[in-house]
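There are 2 protein chains.
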Amino acid sequence: MSYKVLIVEDLQELLEAMSDFYREKGAGLWEVVTASDGKDALAKVAGNDFDLMILDIMLPGASGFDICKAARSKGDCPIIFVTALGSENIILKGYETGCDDYVVKPFSLKQLYAKSLGLLKRAKKNQDSDLLSCGSISLNKRTMLVKVNDREVSINAKEYFLLVYLLENKNSVLTRRAILERVWKDDLDVTDRVVDTAIRRLRDNLGEAAGQIKTVIGRGYRLTEE
Amino acid sequence: MSYKVLIVEDLQELLEAMSDFYREKGAGLWEVVTASDGKDALAKVAGNDFDLMILDIMLPGASGFDICKAARSKGDCPIIFVTALGSENIILKGYETGCDDYVVKPFSLKQLYAKSLGLLKRAKKNQDSDLLSCGSISLNKRTMLVKVNDREVSINAKEYFLLVYLLENKNSVLTRRAILERVWKDDLDVTDRVVDTAIRRLRDNLGEAAGQIKTVIGRGYRLTEE
DNA sequence: TTCTTCGTGTCACACTCGTGTCACATCGGT
DNA sequence: ACCGATGTGACACGAGTGTGACACGAAGAA
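Line by line, the protein sequences give chains F and S.
For the first sequence, this note's numbering begins at 1 and goes up steadily by one.
For the second sequence, this note's numbering begins at 1001 and goes up steadily by one.
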C-alpha cells in the first residue's frame, strides 16, 4: 500500500530534492506527483485522489490557497503549506483556508517528512474512527459528539446509542424488537413502547433533522437521508 | 539567555571564521565551543548540552555522522552538516542519521547563520509543542506546570495525568473506563467512582475553569473550551 | 522510632436528571 | 366509521452523579 502525495513547488531544485526524498525515504511508501505551476497543480488535483499535498504558496498561475480550496471542495486530504520566512499572517490565512500544517523556508526535508507522517496518521485515525453520517446528521463514535448541519447537539445516553444503531443501519427498517435487543440489551423487561419514547426524545433533540427518522407503521423505524 | 553552539571543522581558518562570525553577530547571543577533530568533538558532545551543532562531515578521528549519532542518543538538538560540493548522496545519508539541515561548501556565513536561527526557532516551537491548552487552562508537559488564566495552580499527580488526558482529547467524551485504563493503568482494581472523585478534586483546584469539565451523564466526562 | 502531613480510595447521603410507564390524543389503513 | 398503531404530555422512580467525611498508607520531619 502506498500513499499518493502531490508536491507543488516552482523552484525546480527544491521540487526535485523533495520528491527524491519522498521517493527514497519511504522505499515505495510514496507515489509522488509533482507540479511546478498553479495551472498544472489544479489539473492534477482535479484528476487524482491524493492522500497528502505539499503546496508552495507563491506560485505562477494560481496561489497555494487556490489549490487548497479546490482540494477542499473535493475531499479532505491533509495539506501542508510551504511559505517564506516571517509571513505569519499568510500562515494565518492558510489555516483559515483549511491547511493542516505548514513549514517555513528554509526548512529541513526531515522535518517536512515527519510532519507528513504525523498528518497521515491523524487522517487515518479520523477515517476509521467511526464517523457515521446520514443527511444532515453526523456522529463521531470516538468523541461521541453529534452534529446536525455542523451544529453540535447534546443528546442523552439511550438516545445516543439508539442513534448509533440507526446510523449503522440507515435506510433499513428496524423493528422495535431489534432496537430493544441492541440498545436495551439486558434490561429487556420493558415495554415495546419505550422505543417510541426514545425516538420521540431523539427527534426533539435532533431539531431540524427530526424528519429523517421515519415511522414505518406496523414494522418499526427507519433513518433516511431526508 | 544565550545559545550554546558546537562548531566542528578541521580546516582551521574556516573554523575561526565561523566562530568569530557567531561570536560577533549575535553580540552575546552565542556561546561558541569548537573542535577540530572527531575525538575532541565526541568528548565535547558527551560533556555538554548544546542548543545547536554545526558539523563538518569529513573529519580526522570520527566522521560528522558519528558525532551526529552520539548527539542523537543524548538529545535532539538541531544539527547542520557542512559538506563538500556535489556529494548529494552523502547528504541523504545525513538526513537518515538525523540531521536537520545542511550547507554545501563553499557557503556564505550569512546563509549558515540564517539556517541556524531558523532551526533554533523551530526547536523552540517544538518544545512548545508539549504545551497543552484548552480555554483558560494551559499545561506544560515538560515543566508539569498548570495554569488557569496565566495564574499558576497546583494539582496532585492523579489529577495532573487526568488533566493531560482530558487536554489531549479535548471536546471528546471520555468514558470512565477509558480514563481508568489511561490514568490508573495497572491499578485497575478500583471502583469506577474514583474517577468522579478525581474529577471533583481537579475541578476544585481549577477554580474558575472548573466549568470547562462537563459531565456527560451515562457516558463520562468531557473538556470543553467553555 | 513516632508524629504529622498529604495524597488517594471508599463509603454514605443528597440530589439532579434521565428514563420507563401510563393516559389520552392523533393518525392511518381497512 | 372503526380499531389498532403511533405521537404526546405528565409523572414517578431510580440510576447516575456531586459532595462531605473518613480511613489507610506513603513520605517527610522531629
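Just so you know, even glycine gets a beta-carbon here, dropped at the ideal spot from N, CA and C.
Cβ of residue i within 8 Å of any chain S Cβ
{"i": "L145 of chain F", "result": "yes"}
{"i": "R219 of chain F", "result": "no"}
{"i": "R201 of chain F", "result": "no"}
{"i": "R142 of chain F", "result": "yes"}
As assigned by DSSP and simplified to three states, the class of residue i
{"i": "I1057 of chain S", "result": "coil"}
{"i": "I1007 of chain S", "result": "strand"}
{"i": "V1190 of chain S", "result": "coil"}
{"i": "S1116 of chain S", "result": "helix"}
{"i": "T1034 of chain S", "result": "strand"}
{"i": "F21 of chain F", "result": "helix"}
{"i": "C134 of chain F", "result": "strand"}
{"i": "D1066 of chain S", "result": "helix"}
{"i": "D51 of chain F", "result": "coil"}
{"i": "R219 of chain F", "result": "coil"}
{"i": "K44 of chain F", "result": "helix"}
{"i": "D1076 of chain S", "result": "coil"}
{"i": "K1105 of chain S", "result": "coil"}
{"i": "T1224 of chain S", "result": "coil"}
Burial state of residue i (16 or more Cβ within 10 Å)
{"i": "M1018 of chain S", "result": "buried"}
{"i": "A1198 of chain S", "result": "buried"}
{"i": "V183 of chain F", "result": "buried"}
{"i": "Q229 of chain F", "result": "Limits of chain F in this structure are 1 at one end and 226 at the other, which puts residue 229 of chain F out of reach."}
{"i": "S248 of chain F", "result": "In this structure chain F extends from 1 to 226, so residue 248 of chain F is not present and cannot be described."}
{"i": "R1222 of chain S", "result": "buried"}
{"i": "D1189 of chain S", "result": "exposed"}
{"i": "S212 of chain F", "result": "First, the residue type needs correcting, since residue 212 of chain F is Gln and not Ser in the sequence shown. Buried."}
{"i": "D1101 of chain S", "result": "buried"}
{"i": "S247 of chain F", "result": "Any property of residue 247 of chain F remains undetermined from this structure, which presents chain F solely from 1 to 226."}
{"i": "E1009 of chain S", "result": "buried"}
{"i": "K945 of chain S", "result": "This structure cannot settle anything about residue 945 of chain S, because the visible part of chain S is limited to 1001 through 1226."}
{"i": "S1116 of chain S", "result": "buried"}
{"i": "S108 of chain F", "result": "buried"}
{"i": "T191 of chain F", "result": "exposed"}
{"i": "L1166 of chain S", "result": "buried"}
{"i": "P78 of chain F", "result": "buried"}
{"i": "T83 of chain F", "result": "buried"}
{"i": "A46 of chain F", "result": "exposed"}
Heavy atom of the ligand GDP within 7 Å of residue i beta-carbon
{"i": "L1202 of chain S", "result": "By its list of ligands, the structure shown contains no ligand whatsoever, and the ligand GDP lies outside what it can speak to."}
Please identify, using Cβ separations under 7 Å, the residues of the stretch 1147 to 1174 of chain S that lie next to chain F, in order along the chain. N1171, S1172, V1173
Which runs of the alpha helix (DSSP H), 4 residues or longer, sit entirely within the stretch 138 to 185 of chain F? 157 to 168, 176 to 179
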